[in-house]
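One structure is given below, encoded as structure tokens.
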């Protein structure tokens, strides 16, 4: 089984960090490749960043299918390019946001998403509706830290993650917390123990699901929403 | 990794059939146990059957946790006893209906559920709302066959599954078909090829997810909806 | 007119308390029987309690129909066994939660439910969706008292009911308050006067509706969701 | 107990017909008065008719409260003037549409409304949302007959009611049928027997509920949506 | 192009105030007429006021069409009589509430409505659903001032508008603020600058849209919801 | 007033066609510029086409703001790049899909969208939710013609538009029809007359709204969803 994880931004550090965390959870027989979009923005913090990250991402997806990978994962918690990537590929393509939201619905009454900046809350709320998983969403809450800050100050980040999770639990009734940014991920286990709640790290969750799906040949539907552009033009011919 | 699959009815044939199909997909290192509820109804075709199946099911769940199983799966496409089973256990408990509906949301625009009898359509529609996965549900459609008939006449069942799937695709816009009864399961691959669509077999899908979740320690939340009855009483003490 | 009220737990005290309160409101010509589930849990505070209460409840429902009762009421504010009881019976079966929620929608803009423990809030929220009465629900709020505490300390209970009702009105905009536990019921009138709002006692509301429906022969539909198990099997024959 | 039923249009025939049907179901001790809006339109078949019927209706409501009636019912299946009538009165005011929709949610999975003309379907769909009872609405279907035709040709009306009910059951999954016009009402029992479904006559259903509510002092909330205009002005003083 | 703006209450001061504000924004070639309902309530602060304002309003709408106006605007932020006015007229009729809510959905993630009295919040929430624009509504918030107070004390009104807008932005996530009362309107520009947000004055927004629609002949649909009462009767003939 | 209309694909023919149609409706004093994305796909019929059209589109938006345009319109009925374009610009940016959907909610009970190919129906349904205008959407229906075919065979296109509109009206209850593709636009007036319904041409509707909004300085909110990337980074600094 060969799975490629595509970091849609161009940061080598984040790409390496993803590789390290997945090396710890991959099955021995899984071939793991982690790469990033060439020429993509260095971080994805706006709709503009998302838009600019898609053309390089699509190249990587096409390359992965040509190279015989079984599945491709888009490893940014806003799933940039998920729709065109699924159009482009016949192999399984998963986005870490959509996958984690759907998994969260299986594990508790409602879920909350933690995101770095409060200005991005509306964008997450849009995604929750886009994936049709809104009835189980308790809230989207922000740390009020930039991505850079979450990386630069782990102590502050950890305190904020804990405080904001507590608000999500107590005020919004969340039973599952989703860590919506790479910089938050290291504290999941500690958080679970302290708050008595389920905490999901999107990249890990999605990677393990990709392994499970690949083993039994599950793929995304190519019927209409993700139909290959070629076949679509042909339909009406 | 040890996973128990509990068939909530008392049919030994169905229990064996589940075991056979899962033996084909389990990983070599997974210990698989399939059992059924002792004293449970012989089939689950009504709310009464569901209610009567829960006490024996809960015994099996408690036994599984005591025996050191890592996860328990409720293998009936109406998830009887999911809430009390999750209260009872600290190990992961998954229901095949909830899990498959959530997986379906990851794979296509909307999903349709196939169920044997039209009188059970409202019950499935209730479940779709219970699991908060209603926005992605295109329809619930019935074969108009009893469970016994789906087992007795495979040829008829196969034709009906195909015809009803086609209606779900063409009239309801479904992109993922969920086979909501054991008797339908054998035709998934053929259906996928002929209709160009994703077809999910709930037991297999859920079993592979249970393996993936168990590997990384993912469990259901014990915060409130599934809190152990004991701890709940204590909260206010 | 003969109406049976079934307390799904086995508490004789609660059964008597229900009888007393209904004796005060029943019409002179109504024959009232109040009974409880034999072998049922002594209180219903979890999904497990609910599940274990259903088999004895169903026996009572079948007995009531055989004895010529016109209607049966399930007198626990989580409506355990409502679906199988309606399958089992051709006489009218009402649950006090569903009935009271529906009545609340007639009387004000939105309603709030008061429940003893905060861990049971998600369960009430599930019920609100299960009964398809979610758009009019302002909130579910907890007293943070166990059922036992609400019975043991009336003064504390009364203060909490008042304080939490005030929050529901002022912060959630509730115009109708539903007292979701027997221990809260005695304060309805005082609450109405002090807060200038409608307060509903589910058992009384449901009993009076059962009288009104019985007089004109209104029953639940036996079409599909509550079809008798027998006729269902026959449909496809 | 004294209950007034107000026919918002000025038709003496319809007023008498309402009186006759309610005389058959009222309890012996209930004082029943049926009246109609003076100067109101002769039938209510448009938003304009509704608007013009409200001023005379409000006069009747005020008169009823002054005369010591316990409850007032607005007997037109579009509930004209429900909000201002509830503002005007401290006695219970019920509209037959809102009440019947709420009762329908207690009796089956979903309900369908039958209305005379297809041009009025959107108006009924608006009402279903206005009363926040939309999740349980299967459909609104029209007979394609004017109110005058339903009165002039009972045979045709009966056939249409049966045919359209059958469509609502088979195509929309309705389990409860609501007869949304006086001209349809006579066939409820026959329809119930033939189609094996619950059929509700709004005027009867609402009248019996008004009796039940009045006995226990249940009224609509005067908190905000129906606050008396006077007290509202005072609030901010 | 000739547009009439109808103030549904009988206040000459408010009518003049509307005229002045629209004179500043109308195009030079637009003929503007502003009038008010004769015999209507002097202010519209309740459902009763709304109901009583409709008959005089409908007279004005019919007069406007007869006089050759191209469009009529109902200038009260609860859109009294919108449905019957659209039935009555073949010319474009717009209500300032519906129009402004729809425009708000184009300009930001979600919108909040400011209303004078908290007792009217439920009524605004009903309108949001009536216009099917509820998914984008962040909140309805009240100034806790009567209409008279907003006119009498501009300084207090301004402070409250600012404070409540800030709450809507920070606690509800609003990106567009709608000033739901004439007395609030003067502070829109200042508010926009200080809070960095979009603030809409309903009368101005609607008037400019009426100009734009009239130029290209856009009108409301006369298909069913707003069909002329006459044609409706004829349909079934 | 200077308005730029950006055709996100690179087709010069379509760009000219847009210019011609808008020249007929623009006000004399409005400066109109129509341009297209350089290096963009020649047509936009897939998510991939959409993704590839965004980078050139963003260049045009930035250029327009630098050149002093007051508003920019994205003239493709899937609003590619709407979010990043609004981030990029402080001038008003409108997409023709979002704008037309919102206008449709003002004009009739519900609206239907016509789209060329049935494989694109899910994508339109996603957009309806993305813009939070789903409660008023009756249906999305396809002509089953490619964009190329709608341009090549006007007679066939016209018949299909008429037939599919009729289905939307009669089966889905639509009161407003939205022509979701440039090739359909010429038949709007004829369709309105024949079907007695409102038919909207998105480009015209949006252009006239842009004129009206620009006159009074209405812009999109820059608070969070469309905040400039620069200010967003600064927020947490």
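Residue numbers (our numbering), protein chains in the order written: chain A, 1 to 237; chain B, 238 to 474; chain C, 475 to 711; chain D, 712 to 948; chain E, 949 to 1185; chain F, 1186 to 1422.
Using N, Cα and C, we set each Cβ at its ideal position, and we do this for glycine too.
Chain-order list of chain C residues neighbouring residue 109 (chain A): 595, 596, 597, 599 and 600, by C-beta distance under 9 Å.
Non-local C-beta neighbours of residue 720 (chain D) in its own chain, meaning closer than 8 Å and more than five positions away in sequence, comprise 747, 748, 751, 752, 753, 754, 755, 760, 764 and 787, ordered along the chain. The distance from the Cβ of residue 1300 (chain F) to that of residue 1337 (chain F) is about 18 Å, inconsistent with a contact at the 8 Å cut-off. Of all residues in the stretch 757-772 of chain D, those with a C-beta nearer than 8 Å to a C-beta of chain E are 757, 758, 759, 760, 761, 762, 763, 765, 766 and 769, reading in chain order. The continuous alpha helix (DSSP H) containing residue 995 (chain E) extends over residues 995-1014. Within the same chain, and ignoring the five residues on either side of residue 134 (chain A) in sequence, the residues whose Cβ sits closer than 8 Å to its Cβ are 128.
Between the alpha carbons of residue 593 (chain C) and residue 552 (chain C) lies a distance of about 14 Å.
Our two residues, residue 775 (chain D) and residue 804 (chain D), have alpha carbons roughly 11 Å apart in a direct line. CA-to-CA, the gap between residue 1078 (chain E) and residue 995 (chain E) works out to about 15 Å.
Per DSSP, reduced to three states, the secondary structure at residue 1351 (chain F) is helical. For residue 1315 (chain F), the C-beta contacts it makes with chain A under 8 Å involve 126, 129 and 130, in order along the chain. By the Cβ criterion, the stretch 574-587 of chain C is in contact with the stretch 924-940 of chain D, since at least three pairs of Cβ atoms, one from each stretch, lie closer than 8 Å. Any Cβ of chain E closer than 9 Å to the Cβ of residue 609 (chain C) would place that residue at the interface, and such an atom is present. When Cβ-Cβ separations below 9 Å define contact, residue 378 (chain B) makes no contact with chain C. For residue 98 (chain A), at least one C-beta of chain B is nearer than 9 Å to its own C-beta.
Taking CB atoms only, residue 173 (chain A) has a neighbour in chain C less than 9 Å away.
Straight across, the Cα-Cα distance linking residue 1217 (chain F) with residue 1187 (chain F) is about 6 Å.
Non-local beta-carbon contacts of residue 960 (chain E) in its own chain, meaning distances under 6 Å to residues more than five positions away in sequence, are absent.
The beta-carbon distance between residue 1095 (chain E) and residue 1131 (chain E), rounded to whole angstroms, is 6 Å. This is short enough to meet the 8 Å contact definition. A direct Cα-to-Cα measurement between residue 201 (chain A) and residue 179 (chain A) gives close to 6 Å. Under the DSSP definition of a beta bridge, residue 1383 (chain F) partners with F:1361.
Linking residue 502 (chain C) to residue 584 (chain C) through their CA atoms gives a straight-line distance of about 34 Å.
DSSP places residue 139 (chain A) within a strand segment (E or B) once states are collapsed to three. DSSP, reduced to helix, strand and coil, places residue 1043 (chain E) within a strand of the structure shown.
Taking residue 395 (chain B) as the centre and dropping the five residues before and after it, the same chain places the C-beta of 424 closer than 6 Å to its C-beta, in chain order. When 8 Å is used as the limit between beta carbons, residue 433 (chain B) is near these residues of chain A: 222 and 223, in chain order. Rounded to the nearest whole angstrom, the CA to CA distance from residue 866 (chain D) to residue 903 (chain D) is 17 Å.
The Cβ of residue 1272 (chain F) sits closer than 9 Å to at least one Cβ of chain A. Listed along chain D, the residues sitting closer than 7 Å to residue 1175 (chain E) by beta-carbon distance are 830. With fewer than 16 other Cβ atoms from the protein chains shown falling within 10 Å of its own Cβ, residue 1038 (chain E) counts as exposed. Short of 6 Å from the beta carbon of residue 530 (chain C), and not among the five residues preceding or following it, lie these beta carbons of its own chain, in chain order: 511, 512, 513 and 514. Inclusion of residue 97 (chain A) and residue 138 (chain A) in the CB contact set at 9 Å is not warranted, their separation being larger than that value.
Sequence-distant Cβ neighbours of residue 1114 (chain E) in its own chain, meaning closer than 8 Å and more than five residues away, are 1143.
The stretch 581-611 of chain C contains, as complete beta strand (DSSP E) runs of 3+ residues, the segments 585-589 (chain order). Around residue 58 (chain A), the same chain offers 81, 84, 85 and 88 as residues with beta carbons nearer than 7 Å, after the five sequence neighbours per side are excluded.
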